[in-house]
Structure formats: C-alpha cells, structure tokens
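Visitor:
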Amino acid sequence: TVAERLILGQVLCFEGDPRKLGVESVRHETHGAVLIRDGLIAEVGEARALRAAHPEVPVTDHGADLILPGFIDAHVHYPQTAMIASWGKRLIDWLNSYTFPEEARFDDPAYAAEIANRYLDLLTANGTTTAASYCTIHPTSVDAFFEAAQSRNMRVLAGKTCMDRNAPDNLRDTAQSAYDDSRELLRKWHGTDRLSYVITPRFSPTSSPEQLSALGALWAEHPDCLMQTHLSEQTDEITWVRDLYPDARDYLDTYESHGLLGERGLYGHAIHLEPREIDRLADVGAAVVHCPTSNTFIGSGLFDMALADRMPVGLATDTGGGSSFSMLRTMAAAYEIGQLRGHALHPSELLWRATGGSAEALHLSDKIGRLAPGYEADLCILSLTSTPAIAQRATRADSIWEAVFPTIMMGDDRAIACTYIAGVPVKRT
Ligand code: GUN
Ligand code: FE
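What follows is the structure in structure tokens.
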C-alpha cells in the first residue's frame, strides 16, 4: 500500500539561494499544501487544488503554521551535548578544560548511545532533521550515533574525529589507526539507509602531517565521501598552526598539501581567512560553514557572509561550542553578526541558509532542504505565533517576511509545532 498524506499550511518554496535569485524567487502560498507519498514530497501547491486532485488522501491541517523543509545543521559535535554552555574559556582552553574530558567518556558504548539519543531528541524538538556531526576518537561513538539515527530513519552524516597529537593520551589515535578505523566505519555505514560517513580530522593542531596525509589518501580512495574539519576559527589557533606547520603558506595549505582540500570538503568557521585561502576554496568549489552562536560564545570573530557570493555556505549550531541546539537561535545570531558587519540578512536568506544552503554545502541538495517533488519529506512545521510577544508582532505583519522574522529572532522550541521525518510526524519527547 502507498502511504499518502496531504498536509496543509502556509508554504514557502525556495528555488535556490535568494541572495542570488532575489526574494521574488521564493513562492508563498498562504493556503498551501504538500502531498507526501512514501516518505517523499510528491506535490507542492495550493491547498484547494491539491485537495480536489487527491480527495481520498488523509489530511493534516496545520492552519496558519509555516511548512518548511526540516532544518539542516551542517556542523555539530553530538558528543558535546552534555557540556554545552561551559563558562569562561576561549577555544584551546575550552577544548582542554571541558571538551576533551567529556569526549573521553565516549569509550563507554552505553554512554555514547545515551547521548546520541538525547541529542537526536533535542534535534527534532528544534525542527532539525539532518545534522553533520563529529563523533569522538572512539569508533563506538560513530556506531552509537548512526544506530540512533537509523532507528529514527533520519538522514545524518558523521565521522570518527581523528587526533594523534596535542590531545590527552586517552584521546589519541595514530596516523595508521585513524586511517584503518575510518575506513572500516566508512565501509560499514556509508550509504546505508540515510547515513553518510564523513572523513573527520578534527583540525590541523591535533593531527600530525602523517595523519593528515593518511586521511587525505583515504579521501582519494573514497571521493564520494565528504571531509569535514575546522579552519581559521581563532587567531591564537592560527598562530599555533603556523608554528606547527612552518612550511605551510597558510592554514588552508596545511589541509591542501595533505590531500584534504576538495569540492566535497566542509570547512567549519572559516572566519579569519587570507585572500589566497578564499580564492582556493572558491577555485575547488569547497563549502564553508557559518557557526554564529559558537563564534560569539567562544569569542572567535565575525564570519563574513559575503563568502556566499563565491562558495556554498552552510549554517550550523556547532553544538556544544555553539550555545544552542536551535537553528532558529542560530539564524538570529547570524542576523546579529550580519548587523555587526553592516549587512542585514533578509529572512529569506536566513531560512535558506538553514535549509537549502546547508543541503548544498553537504552535497545533498538533490535530496533534502527544499519543498519540491522528489525531495525527502523531512519537514519543520513552524508556528509564527508561539508566544504572546511573538504573536503581537506577527499579527501586525504586512508580508510573510515580516510575519516570520519575529519567530526567527525570538522563537525557541515552542515554535516547532511538528517535525516530520521521511513523511512521518515525530512525537515530542
Ligand atoms: N576546533 C577543534 N575542535 C573544535 C571543537 O570541538 N569545537 C570548536 N568550536 N572548534 C574546534
Ligand atoms: Fe566544531
């Protein structure tokens, strides 16, 4: 039997990046509908027309709530779920004081499973349906995450975080074991159900040149995989990289010279870039990821959204360096950083970054991140009146953009009326 459902609500349909196509390219249906068939979006249109064309299909009416693609978080560390919002440190001290001790706990498979499930509950409660996660050095932390996502039929991407220096004894692998373990995990999980393996060197300071080369070789052997890492997040970190890699032209070159620069590369933060680094990222078609709540929380700097004119830019919480699990809060922080840099990001661009923009960065823009026929039916149903303060702003709105912006700025998980995973509404936990 065919599982069909017609869901009604306001609909925003993005054809592509409104930064490039203009806000007029976004179609708005006040009385819209999405027809879901077997976990995929079959049709998107006007409610009356779709109801007339499919009179037998069961209907779920979300009223004036907005039907959006599920949010896509392009850079997170699920193992940092239990130490998010740790006080008072900048990047390197924050890693040593809070992050590494917590990540060391993931040698226990039961703990890894507990946190993976807690993390995915938080994701769907916040309307996020896909995340690209770092795990820990332990292969079992990858198994735990993929098993938890698989049992929920979620599309996720993840990889074993590789480190062979400048980390505690119990959190170091070697160049060889990083290669071997990553390859085994890749073979086990990549392409299974909705799961993708991502080759994951943490960042240049915690990998030897030999480890970067080994992972570069693995990537060359599996060119359909993504590779994720951190790039130019804090100035102290950049100085350290220069000391550790004296022959490198710049931070990006530490990756480039070890086979870790490519179109399927995903570079988190990318704040303090040199002109050569920007040119090289653009030349190869690599993607960068904006992590605004992390960049303010850890004190890293102000990302330049103008990079989006030259390369795909994803949006991400960077949990738990970021201070939130919510892509609404993340869009709000991106807006605030835009203001500090002199450019007010339009609500359409904020929503695009959190959906289709992240999908593009993750090379999944043919599967998720848009409301269009053939796309996977991962949806976020967003209330635009979730609190009295937001509602009194939204009721005065003259356009859908004025109506949605207060929810972007002030909304939290109460604004997430429902989350659908592959066409199925997820119960709130
Ligand atoms: N750089 C290297 N590791 C990390 C991490 O876990 N979080 C952040 N924000 N930056 C990093
Ligand atoms: Fe990160």
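Residue numbering for the sequence shown follows our numbering, starting at 150 and increasing by one per position.
Glycine included, each C-beta is placed from N, C-alpha and C at the ideal position.
Nothing here was measured: the structure is a model prediction, and the numbers come from that model.
(1) Candidates 199, 469, 396, 316: which alpha carbon is nearest residue 354's?
(2) Suppose you measure from the CA of residue 310 to the CA of residue 459; what does that come to, to the nearest Å?
(3) My guess is that residue 177 and residue 161 are in contact by the Cβ rule of under 8 angstroms, so how many angstroms apart are they, rounded?
(4) To the nearest angstrom, how far is it from the Cα of residue 356 to the Cα of residue 409?
(5) Mark residue 250 as exposed unless 16 or more other C-beta atoms lie within 10 angstroms of its C-beta, in which case mark it buried.
(6) Using only the heavy atoms of the ligand GUN, determine whether one of them is closer than 6 angstroms to the beta carbon of residue 562.
(7) According to DSSP, is residue 442 part of a helix, a strand, or is it coil?
(8) Is the number of C-beta pairs between the segment 380-395 and the segment 418-426 that are closer than 8 angstroms three or more?
(9) From the DSSP secondary-structure annotation, give me the bridge partner or partners of residue 271.
(10) Where do the ends of the alpha helix (DSSP H) carrying residue 350 lie?
(11) State yes or no: is the C-beta of residue 103 nearer than 6 angstroms to some heavy atom of the ligand GUN?
(12) Give me the Cα-Cα distance between residue 536 and residue 568, rounded to the nearest whole angstrom.
(13) Suppose you measure from the CA of residue 183 to the CA of residue 560; what does that come to, to the nearest Å?
(14) CB-CB under 6 angstroms to residue 262, same chain, minus the five flanking residues each way: which ones, in chain order?
(15) Output the boundary residues of the alpha helix (DSSP H) element that contains residue 487.
(16) Excluding the 5 residues preceding and the 5 following residue 174 in the sequence, name in chain order all residues of the same chain whose CB lies nearer than 8 angstroms to its CB.
(17) Label residue 392 either buried or exposed according to how many other C-beta atoms from any shown protein chain fall within 10 Å of its C-beta, with 16 as the threshold for buried.
(18) Taking contact to mean at least 3 C-beta pairs separated by less than 8 angstroms, is the segment 210-229 in contact with the segment 454-468?
(19) Let me make sure I understand the geometry here. Which of 503, 269, 314 has the alpha-carbon closest to that of residue 245?
(20) Considering only heavy atoms of the ligand FE and the C-beta of each residue, which residues fall inside 6 angstroms, strictly closer?
(21) Please state whether DSSP places residue 610 in a helix, a strand or coil.
(22) From the DSSP output, in three-state form, read off residue 505 for me.
(23) Using 6 angstroms as the cut-off, classify the Cβ of residue 351 as near or not near the heavy atoms of the ligand FMN, replying yes or no.
(24) I think residue 190 touches residue 521, with their Cβ atoms under 8 angstroms apart; what is that distance to the nearest whole Å?
(25) Measure the Cβ-Cβ separation of residue 193 and residue 153 and say whether it is below 7 angstroms.
(26) Under three-state DSSP, which class holds residue 205?
(27) Note down, one range per segment and in chain order, each alpha helix (DSSP H) of at least 4 residues found wholly within the segment 199-246.
(28) Only counting the same chain, and skipping five residues up and downstream in sequence, which positions put a Cβ closer than 6 angstroms to that of residue 256?
(29) So, is residue 360 buried or exposed, given that buried needs 16 or more other C-beta atoms within 10 angstroms?
(30) For residue 585, which residues of its own chain have a beta-carbon under 7 angstroms away from its beta-carbon, when the five flanking residues on both sides are left out?
(31) Between which residues of its own chain and residue 387 is the CB-CB distance below 7 angstroms, once the five residues before and five after are set aside?
(32) Please name the residue in 417, 333, 239 whose C-alpha comes closest to that of residue 371.
(33) Under a Cβ-count criterion, where at least 16 other Cβ atoms within 10 Å of its own Cβ denotes burial, should residue 395 be classed as buried or exposed?
(34) With DSSP as the reference, identify every bridge partner of residue 101, one or two as the case may be.
(35) Specify the secondary structure class of residue 548 as computed by DSSP and reduced to three states.
Guide: Let me lay it out:
(1) In the sequence shown, counting from the first residue as 1, residue 354 sits at position 205. Residue 316 is the option with its Cα nearest to residue 354.
(2) Here residue 310 is taken as the residue at index 161 of the sequence shown, counted from 1. Here residue 459 is taken as the residue at index 310 of the sequence shown, counted from 1. Each residue's alpha carbon lies about 28 angstroms from the other.
(3) Reading the sequence shown from its first residue, position 28 is the one you call residue 177. Reading the sequence shown from its first residue, position 12 is the one you call residue 161. The Cβ separation is near 6 angstroms, so the contact holds.
(4) Against the sequence shown, residue 356 aligns to sequence position 207. Against the sequence shown, residue 409 aligns to sequence position 260. The alpha-carbon atoms of residue 356 and residue 409 are separated by roughly 12 angstroms.
(5) In the sequence shown, residue 250 corresponds to position 101, counting from 1. Flag for residue 250 reads exposed.
(6) For the purposes of this step, residue 562 is taken as the residue at position 413 of the sequence shown. Because no heavy atom of the ligand GUN lies under 6 angstroms away, the Cβ of residue 562 does not count as near it: no.
(7) On the sequence shown, residue 442 is found 293 positions in, with the first residue counted as 1. In this structure, residue 442 counts as helix in the three-state DSSP scheme.
(8) yes
(9) Against the sequence shown, residue 271 aligns to sequence position 122. In the DSSP output, where bridge partners are listed per residue, residue 271 has none listed.
(10) Here residue 350 refers to the residue found at position 201 of the sequence shown. Looking at the DSSP string, residue 350 is not in any alpha helix (DSSP H); the run it does join, the beta strand (DSSP E), is 344-350.
(11) In the structure as shown, the chain begins at 150 and stops at 578. Residue 103 is therefore absent and cannot be evaluated.
(12) Working through the sequence shown from its first residue, we reach residue 536 at position 387. Working through the sequence shown from its first residue, we reach residue 568 at position 419. Going from the Cα of residue 536 to the Cα of residue 568 covers about 19 angstroms.
(13) Looking up residue 183 in the sequence shown gives position 34. Looking up residue 560 in the sequence shown gives position 411. About 24 angstroms.
(14) Your numbering for residue 262 matches position 113 in the sequence shown. Here the set comprises 293.
(15) Position 338 of the sequence shown, counted from the start, is the residue given in the question as residue 487. Segment 476-489, the alpha helix (DSSP H) holding residue 487.
(16) By 1-based counting over the sequence shown, the position of residue 174 is 25. Once the five neighbours on either side are set aside, the close Cβ partners of residue 174 are 163, 164, 165, 167.
(17) For the purposes of this step, residue 392 is taken as the residue at position 243 of the sequence shown. Exposed, because fewer than 16 other Cβ atoms sit within 10 Å of the Cβ of residue 392.
(18) yes
(19) For the purposes of this step, residue 245 is taken as the residue at position 96 of the sequence shown. Ranking 503, 269, 314 by Cα distance to residue 245 puts 314 first.
(20) 224, 226, 379, 417, 467, 470
(21) Beyond the ends of the chain as shown, which are 150 and 578, falls residue 610; an answer cannot be given.
(22) Locating residue 505 in the sequence shown gives position 356, where the first residue counts as 1. Residue 505: helix per DSSP, three-state reduction.
(23) By its list of ligands, the structure shown excludes the ligand FMN, since it contains just the ligand GUN and the ligand FE.
(24) The count along the sequence shown starts at 1 and reaches residue 190 at position 41. The count along the sequence shown starts at 1 and reaches residue 521 at position 372. The Cβ separation is near 6 angstroms, so the contact holds.
(25) The count along the sequence shown starts at 1 and reaches residue 193 at position 44. The count along the sequence shown starts at 1 and reaches residue 153 at position 4. It is not a contact, given that the beta carbons lie outside the stated cut-off.
(26) Looking up residue 205 in the sequence shown gives position 56. Coil.
(27) 240-243
(28) As a working mapping, residue 256 is identified with position 107 in the sequence shown. Hits under 6 angstroms: 287.
(29) As a working note, residue 360 is residue 211 in the sequence shown. It counts as buried.
(30) Missing from the structure shown is residue 585; the chain here goes from 150 to 578 and no further.
(31) Taking the sequence shown and counting its residues from 1, one reaches residue 387 at position 238. Excluding sequence neighbours, residue 387 sits near 381, 400, 421.
(32) In the sequence shown, residue 371 corresponds to position 222, counting from 1. Out of 417, 333, 239, 333 has the C-alpha closest to the C-alpha of residue 371.
(33) As a working note, residue 395 is residue 246 in the sequence shown. The residue in question, residue 395, is exposed, as its Cβ has fewer than 16 Cβ neighbours within 10 Å.
(34) No information on residue 101 is available, as it lies outside the stretch 150 to 578 that the chain covers here.
(35) Counted from its first residue, the sequence shown places residue 548 at position 399. In this structure, residue 548 counts as coil in the three-state DSSP scheme.
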